[in-house]
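*Asks:* Chains as they are written, first to last, in our numbering: chain A, 4 to 123; chain E, 188 to 294.
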Amino acid sequence: EVQLVESGGGLVQPGASLKLSCVASGFTFSDYWMSWVRQTPGKTMEWIGDIKYDGSYTNYAPSLKNRFTISRDNAKSTLYLQMSNVRSEDTATYYCTRYPMGITDYFDYWGQGVMVTVSS
Amino acid sequence: DIQMTQSPASLSASLGETVTIECLASEDIYSNLAWYQQKPGKSPQLLIYYANSLNDGVPSRFSGSGSGTQYSLKINSLQSEDVSIYFCQQNYDSPWTFGGGTKLELK
């Protein structure tokens, strides 16, 4: 069974940094492109970016590229999202998502999500 | 970025009814569209990809159609477990973008 389990969220002050993790199981993590998607409290969905199966390539939403960094450790089957200089508008639930094998079009599995609240 | 306009924003329907949700892209996305279902308090789940391909395990009462800029999700014979928020997502051009969601409730 495919499982994606996010962690690392919580309350963070504006301007701070935060690193989210996503541990994957139930599939060969190193074979799949992975992605992060967030959902605001108002339910708006926003794609953050993705990373190639071997970690050699990343792609980001232009609006987030300068502050967010996606990485992975295939030995640990773990995906990361480093968030820097966070703002109130980054308050959201962050989902780790998987693309189907060999493509980067839609998300066939989603984690349970981790909440991040940016507030002083 | 490609804008995705979803309608209606909310919908109330009776058990057994057929409902349709629309998604309009700001440009031709050549059927590169997915639909997701998000049940209350849960994470989204893939329903349909490439506009009309049903994901494994999804009941056949769900169907997708459309082309160009206009797409729709149809739910036949509405069941209580279909109460959810439904999102469309284009995967034709990065950054991938989502519709605003349709909240489906029972009447």
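All C-beta atoms in this analysis are idealised placements derived from N, C-alpha and C, irrespective of residue type, glycine included.
Counting along the chain, where does the beta strand (DSSP E) carrying A:G13 start and finish?
*Replies:* Start at 1 with the first residue of the first sequence, and residue 13 of chain A comes out as number 10. That run of the beta strand (DSSP E) goes G13 to V15.
*Asks:* With 7 Å set as the bound, which would you pick, yes or no: does the beta-carbon of E:W222 sit closer than that to a beta-carbon of chain A?
*Replies:* Locating residue 222 of chain E in the second sequence gives position 35, counting from the first residue. Answer no: the Cβ-Cβ gap between E:W222 and chain A never drops below 7 Å.
*Asks:* Could you tell me which of A:L23, A:V119, A:D76 and A:G11 sits nearest to A:Y35, measuring between CA atoms?
*Replies:* The residue given as residue 35 of chain A occupies position 32 in the first sequence. The shortest Cα separation from A:Y35 among A:L23, A:V119, A:D76 and A:G11 belongs to A:D76.
*Asks:* In terms of alpha-carbon separation, which member of A:Q6, A:Y63, A:D53 and A:Y109 lies closest to E:N242?
*Replies:* Locating residue 242 of chain E in the second sequence gives position 55, where the first residue counts as 1. That would be A:Y109, whose Cα lies nearest to the Cα of E:N242.
*Asks:* Is there at least one Cβ from chain A nearer than 7 Å to E:Y236's Cβ?
*Replies:* To locate residue 236 of chain E, count along the second sequence from 1; it is residue 49. So yes, E:Y236 belongs to the interface.
*Asks:* Can you pull the DSSP bridge partners for A:T120?
*Replies:* Here the question's residue 120 of chain A lines up with position 117 in the first sequence. Per DSSP, A:L14.
*Asks:* Return the residue from the list A:C99, A:L7 and A:A19 that minimises the CA-CA distance to A:R70.
*Replies:* On the first sequence, position 67 is the one that residue 70 of chain A refers to. Closest by alpha carbon: A:A19.
*Asks:* Touching or not, the region 80-88 of chain A and the region 25-43 of chain A, by the rule of three or more beta carbon pairs under 8 Å?
*Replies:* Yes, they touch.
*Asks:* What three-state label does DSSP hand A:A78 in the structure shown?
*Replies:* By one-based count along the first sequence, residue 78 of chain A stands at place 75. Helix.
*Asks:* What are the uninterrupted segments assigned as beta strand (DSSP E) that are 3 or more residues long and contained completely in the region 18-59 of chain A, given in chain order?
*Replies:* Entirely contained in the region 18-59 of chain A, the beta strand (DSSP E) runs reaching 3 residues are, in chain order, 21-28, 37-42 and 48-54.
*Asks:* Can you give the beta carbon distance from E:Q276 to E:A221, rounded, assuming they're within the 8 Å contact cut?
*Replies:* Residue numbering aside, residue 276 of chain E sits at position 89 when the second sequence is read from its first letter. Residue numbering aside, residue 221 of chain E sits at position 34 when the second sequence is read from its first letter. That pair is a contact at about 5 Å.
*Asks:* Name, please, each residue of chain E whose Cβ falls closer than 7 Å to the Cβ of A:A64.
*Replies:* The residue you call residue 64 of chain A lines up with position 61 of the first sequence. Those are P282, listed as they occur along chain E.
*Asks:* Can you tell me which of A:G13, A:L21 and A:G52 puts its alpha carbon nearest to the alpha carbon of E:N278?
*Replies:* Position 91 of the second sequence, counting from 1, holds the residue named residue 278 of chain E. Measuring from the Cα of E:N278, the nearest candidate turns out to be A:G52.
*Asks:* Since E:L233 meets chain A, which of its residues come closer than 7 Å, beta carbon to beta carbon?
*Replies:* Here residue 233 of chain E refers to the residue found at position 46 when the second sequence is read from its first residue. Those are Y109, F110 and D111, listed as they occur along chain A.
*Asks:* Which of helix, strand or coil does DSSP assign to A:E92?
*Replies:* Taking the first sequence and counting its residues from 1, the one referred to as residue 92 of chain A is at position 89. Three-state result, A:E92: helix.
*Asks:* When the cut-off is 7 Å and only beta carbons count, does E:G288 lie next to chain A?
*Replies:* In the second sequence, the residue the question calls residue 288 of chain E occupies position 101. Chain A contact via Cβ: present.
*Asks:* Am I right that A:V117 and A:T94 are in contact with their C-beta atoms under 8 Å? What's the rounded C-beta distance?
*Replies:* Working through the first sequence from its first residue, we reach residue 117 of chain A at position 114. Working through the first sequence from its first residue, we reach residue 94 of chain A at position 91. With 8 Å as the limit, A:V117 and A:T94 do not qualify as a contact, their Cβ atoms being about 12 Å apart.
*Asks:* Closest by CA to E:K229, which one among A:V121, A:E9, A:Q115 and A:I54?
*Replies:* Numbered from its first residue, the second sequence carries residue 229 of chain E at position 42. E:K229 has its Cα closest to that of A:Q115, out of A:V121, A:E9, A:Q115 and A:I54.
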